[in-house]
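**Q** First to last, the protein sequences are chains A and B. For the first sequence, this note's numbering begins at 8 and goes up steadily by one. For the second sequence, this note's numbering begins at 8 and goes up steadily by one.
2 protein chains.
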Amino acid sequence: MNIGELARRTGSSARSIRHYDKAGLIASHRRDNGYRDFGDEAVPQVMQVARMIRLGFSLEEISTFPPCMLRQVTNAVCPDALAAHRERLAEVDRQLFDLARLRERLLTVLDANDSPLPSTERAPHEPS
Amino acid sequence: MNIGELARRTGSSARSIRHYDKAGLIASHRRDNGYRDFGDEAVPQVMQVARMIRLGFSLEEISTFPPCMLRQVTNAVCPDALAAHRERLAEVDRQLFDLARLRERLLTVLDANDSPLPSTERAPHEPS
DNA sequence: CTTGACCTTGACACCGGTGTCAGGGGCTAG
DNA sequence: CTAGCCCCTGACACCGGTGTCAAGGTCAAG
Numbered sequence: 008m009n010i011g012e013l014a015r016r017t018g019s020s021a022r023s024i025r026h027y028d029k030a031g032l033i034a035s036h037r038r039d040n041g042y043r044d045f046g047d048e049a050v051p052q053v054m055q056v057a058r059m060i061r062l063g064f065s066l067e068e069i070s071t072f073p074p075c076m077l078r079q080v081t082n083a084v085c086p087d088a089l090a091a092h093r094e095r096l097a098e099v100d101r102q103l104f105d106l107a108r109l110r111e112r113l114l115t116v117l118d119a120n121d122s123p124l125p126s127t128e129r130a131p132h133e134p135s
Numbered sequence: 008m009n010i011g012e013l014a015r016r017t018g019s020s021a022r023s024i025r026h027y028d029k030a031g032l033i034a035s036h037r038r039d040n041g042y043r044d045f046g047d048e049a050v051p052q053v054m055q056v057a058r059m060i061r062l063g064f065s066l067e068e069i070s071t072f073p074p075c076m077l078r079q080v081t082n083a084v085c086p087d088a089l090a091a092h093r094e095r096l097a098e099v100d101r102q103l104f105d106l107a108r109l110r111e112r113l114l115t116v117l118d119a120n121d122s123p124l125p126s127t128e129r130a131p132h133e134p135s
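1) For Asp47/A, count neighbouring Cβ atoms within 10 angstroms of its own Cβ and tell me buried if that reaches 16, exposed if not.
2) Closer than 7 Å, Cβ to Cβ, to anything on chain A: give me those residues from the region 26 to 42 of chain B, in chain order.
3) Are at least three pairs of beta-carbons, each pair with one atom in the region 62 to 73 of chain B and one in the region 105 to 124 of chain B, less than 8 Å apart?
4) With DSSP collapsed to three states, give me the class of Met8/B.
5) Taking the alpha helix (DSSP H) that Ser23/B falls in, what are its first and last residues?
6) DSSP has Asp44/A in a bridge; who is on the other side?
7) Would Arg112/B pass as an interface residue toward chain A - the criterion being a Cβ-Cβ separation below 9 Å?
8) Any beta carbon of chain A sitting closer than 9 Å to that of Ala21/B?
9) Taking the alpha-carbon of Tyr27/B as reference, which of Val50/B, Asp39/B and Glu111/B has the nearest alpha-carbon?
10) Give me the chain B residues within the contact set of Arg95/A, using Cβ-Cβ distance strictly less than 8 Å, ordered along the chain.
11) Measure the C-alpha to C-alpha separation of Ala14/B and Ala57/B and round it to an integer number of angstroms.
12) State the DSSP-derived secondary structure class of Thr71/B, mapped to helix, strand or coil.
13) Roughly how many angstroms lie between the CA atoms of Glu128/B and Cys85/A, to the nearest whole one?
14) In chain A, what lies closer than 8 Å to Ala107/B by C-beta?
15) Is Arg112/B near Leu62/A, with beta carbons less than 9 Å apart?
16) Is the separation between the beta-carbon of Leu117/B and that of His36/A shorter than 9 Å?
17) Please look up how many angstroms separate the CB atoms of Thr31/B and Ala21/B, rounded, as I've assumed it's under 8 Å.
18) For Ala88/B, count neighbouring C-beta atoms within 10 Å of its own C-beta (all shown protein chains included) and say buried if the count is 16 or more, exposed if not.
19) So, Gly18/A versus Met54/A, is the Cβ gap smaller than 9 Å?
20) Would you identify the three-state DSSP class for Phe64/A, choosing helix, strand or coil?
21) Measuring only the C-alpha atoms, how far is Ile69/B from Phe45/B?
22) In this structure, how does DSSP classify Leu13/A when only helix, strand and coil are distinguished?
23) Smallest Cα separation from Ala90/A: which of Met8/A, Phe64/A and Asp39/A?
24) Are there 16 or more other CB atoms within 10 angstroms of the CB of Arg95/B, so buried, or fewer, so exposed?
Right under this line is the structure:
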């Protein structure tokens, strides 16, 4: 199929699919006229890539296990990607931790300024 | 004081301080030779800006309440910034929610592929 | 033939705080 | 005088998936 139909079928833009293709993440070959020609297996491939992008992977990361990406036709994740998923999970946990700490800092600022009107006691002209 | 000393005193780079200054967030005037001249109050001002940046505010957001930033000499937050802090808190909560959902999705993928070894049913003739 | 839809590649824009370089002055000590 | 350090402005790079435009080729339908 042409790239336009693949775009319609996957919900990704043709622009993005060309991007994935250039990264070697999609199985494709060229017709005599230069057009990309995709098989049906390209549909789950594109969706797999899009899904991993939504999960926070970069194309470069995804590119580290392209052989299995190209074979991928199901929702199952190939072994190469499992380690990446675990790393990504750890990264997400780090972000959750940082964000929670950030939230605490925001709450601290708000608590210190929200209820107590008298700012006099805190420091009229002193940096802490 | 010159920008170099202010940089040393605040821990921010001179480059960043010029950036903040251009945004009108730091009280400064120019000497005859064109050099910026900062007073002692610039130290907490720069640190306040840096702190808000670490809290995830953009310079543009901070610029929406510069009058109070310029007066700011304490750790207390001026009223103008309170609303921004609340919005920021809401944003952080959204991010926490999204991240938690992301984490669930990652766990789902891992759970579905981690324990169950029999990839046979998923991929009939896979040369793993 | 023309029209129009679809395809190709290449390149720029975006976001935004920061690093870094280039080119030019100021100022002080020797 | 020079050496050396500090300052000035302006501009480019970065990151990375995506939108968008330009300029051109392909091809089926009328």
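Note that the Cβ used here is the ideal one computed from N, Cα and C, for glycine as well.
**A** Reading from the atomic positions:
1) Burial call: exposed.
2) Taking 7 Å as the Cβ-Cβ cut-off against chain A, none of the residues of the region 26 to 42 of chain B qualify.
3) Contact between the region 62 to 73 of chain B and the region 105 to 124 of chain B is absent, because fewer than three Cβ pairs lie under 8 Å.
4) In this structure, DSSP gives Met8/B a state outside helix and strand, which the three-state scheme calls coil.
5) Ala21 to Lys29 is the span of the alpha helix (DSSP H), which, as asked, contains Ser23/B.
6) Per DSSP, His36/A.
7) At a cut-off of 9 Å between C-beta atoms, Arg112/B counts as an interface residue with respect to chain A.
8) Taking Cβ atoms only, chain A never reaches closer than 9 Å to Ala21/B, which makes this a no.
9) Ranking the options by Cα distance to Tyr27/B, first place goes to Val50/B.
10) Result: Leu113.
11) Looking at the two C-alpha atoms, the distance is approximately 12 Å.
12) In the three-state scheme derived from DSSP, where H, G and I count as helix and E and B as strand, Thr71/B is classed as coil.
13) Low confidence applies to Glu128/B: its pLDDT is 44, below 50, so where it sits in the model is not reliable, and the reading given next is rough at best. Approximately 14 Å, taken between the alpha carbons.
14) Simply Leu103.
15) Inclusion of Arg112/B and Leu62/A in the CB contact set at 9 Å is warranted, their separation being smaller than that value.
16) By the CB criterion at 9 Å, Leu117/B and His36/A fall outside the cutoff.
17) Position check: residue 31/B holds Gly in this sequence, whereas Thr was assumed. With 8 Å as the limit, Gly31/B and Ala21/B do not qualify as a contact, their Cβ atoms being about 17 Å apart.
18) Counting the other Cβ atoms within 10 Å of the Cβ of Ala88/B gives 16 or more, which makes it buried.
19) Yes, the pair counts as a contact, with Cβ atoms nearer than the cut-off.
20) The answer is coil: DSSP assigns Phe64/A none of H, G, I, E or B.
21) In this structure, the alpha-carbon of Ile69/B lies about 20 Å from that of Phe45/B.
22) Secondary structure of Leu13/A (DSSP, three-state): helix.
23) Ranked by how close their Cα comes to the Cα of Ala90/A, the residues Met8/A, Phe64/A and Asp39/A have Phe64/A in first place.
24) Using a 10 angstroms sphere on the CB of Arg95/B, the tally of other CB atoms reaches 16 or more, which defines it as buried.
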